Amino acid sequence: MPDTLEFNPAEASAEKASFSMSEIGAAEPAQMAEAQSLNSQQAEAQPTVGQAHQEVAAALEPSAPESAADPDRLRGLGNRLVFGYRAMHVGPEDRG
Amino acid sequence: MSFLQKIKHFITGDPQPVAFKRHTTRDLIRMESKIGAQLFGPVPKGHRREFFCLDETAWIWYEEWIDPTTKKKRSITTRYEIHPNGILKVQDGQPYQSVEGEELKNIVMAIELYYEQVVRHVYHHDPVTSKPLHVQPATIKR
Numbered sequence: 071m072p073d074t075l076e077f078n079p080a081e082a083s084a085e086k087a088s089f090s091m092s093e094i095g096a097a098e099p100a101q102m103a104e105a106q107s108l109n110s111q112q113a114e115a116q117p118t119v120g121q122a123h124q125e126v127a128a129a130l131e132p133s134a135p136e137s138a139a140d141p142d143r144l145r146g147l148g149n150r151l152v153f154g155y156r157a158m159h160v161g162p163e164d165r166g
Numbered sequence: 003m004s005f006l007q008k009i010k011h012f013i014t015g016d017p018q019p020v021a022f023k024r025h026t027t028r029d030l031i032r033m034e035s036k037i038g039a040q041l042f043g044p045v046p047k048g049h050r051r052e053f054f055c056l057d058e059t060a061w062i063w064y065e066e067w068i069d070p071t072t073k074k075k076r077s078i079t080t081r082y083e084i085h086p087n088g089i090l091k092v093q094d095g096q097p098y099q100s101v102e103g104e105e106l107k108n109i110v111m112a113i114e115l116y117y118e119q120v121v122r123h124v125y126h127h128d129p130v131t132s133k134p135l136h137v138q139p140a141t142i143k144r
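Structure (structure tokens):
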């Protein structure tokens, strides 16, 4: 078992992932099936993983090499996820 | 949903868009992690993998498998922390290590891809422009 992340986007497949999240919660929520259903509706229009990465890397930091670890940029992504998109979708009962 | 929207919904009976449905943070992390687990390629048979953004500076990679020798379940949790001067990782009971080389490239790529895929597929927004994707609005079945 390797102790470092291995990465093989060419082999990534949306259909192959399967796991449960018992560590951080109970059984898979109904929302997951709902989200998957929505995702499948968009599947045909989505770019490949490799294309998506190129688009994002170019748009987020066009002048930076793809492999450069820019902590500010990475933290910015986390910020947008946590305080932007997640915050928009979280119900009031789950807000601290 | 605003008060006026609720009134309109009550009067007209229009179905409530799923975009207005509220989740818990845990729900959202589950949905995100399902995508995160796919970023590294197929999960080997007998393995369970999770990869998700815990908070704005911490990313979790969890892998669980059955040891072929002992037949016992094993798991490893790696926490990657984004610090101003780089990325550190800590694994179960191990001291912090600086992430470098190939692993650094991989985690950076994984975070970027995670953001792109999660924003697009979980939150239905364009990850570059942040604008909502133009999809047929889903509705809650009643």
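Protein chains in written order, with our numbering: chain A, 71 to 166; chain B, 3 to 144.
Glycine included, every Cβ here is placed at the ideal spot set by N, Cα and C.
Owing to the predicted nature of the structure, the values given are computational and were not obtained by experimental measurement.
- Annotation for Ala112(B): the continuous alpha helix (DSSP H) segment containing it runs 103-123.
- Nearest C-alpha to Ile109(B) among Asp94(B), Pro97(B), Gly38(B), Arg28(B): Gly38(B).
- The same chain holds no residue with a CB closer than 8 Å to that of Gln96(B) once the five nearest residues on each side in sequence are set aside.
- Listed as beta-bridge partners of Asp57(B) by DSSP are Ala60(B).
- The Cβ-Cβ distance between Val121(B) and Pro129(B) falls below 8 Å.
- Residues Ile37 of the same chain have their beta carbon placed closer than 6 Å to that of Gln119(B), with the five preceding and five following residues left out of the count.
- Taking all protein chains shown into account, Ala112(B) has 16 or more neighbouring C-beta atoms within 10 Å of its C-beta and is therefore buried.
- Taking the Cβ atoms as the reference, Leu115(B) lies roughly 5 Å from Leu41(B), within the contact range of under 8 Å.
- If you check the CB distance, Tyr98(B) and Ile89(B) do not come in under 8 Å.
- Burial state of Ser35(B) is buried, judged by a 10 Å Cβ sphere holding 16 or more other Cβ atoms.
- Contact residues of the stretch 65-88 of chain B toward chain A are Glu65, Trp67, Arg76, Ile78, Thr80, Ile84, His85, Pro86, Asn87, Gly88 (C-beta to C-beta distance below 8 Å).
- If you draw a straight line from the Cα of Ser100(B) to the Cα of Arg156(A), it is about 29 Å long.
- In the DSSP assignment, Gly88(B) falls within the beta strand (DSSP E) that extends over 88-93.
- Assigned with DSSP and collapsed to three states, Pro129(B) falls in coil, not helix or strand.
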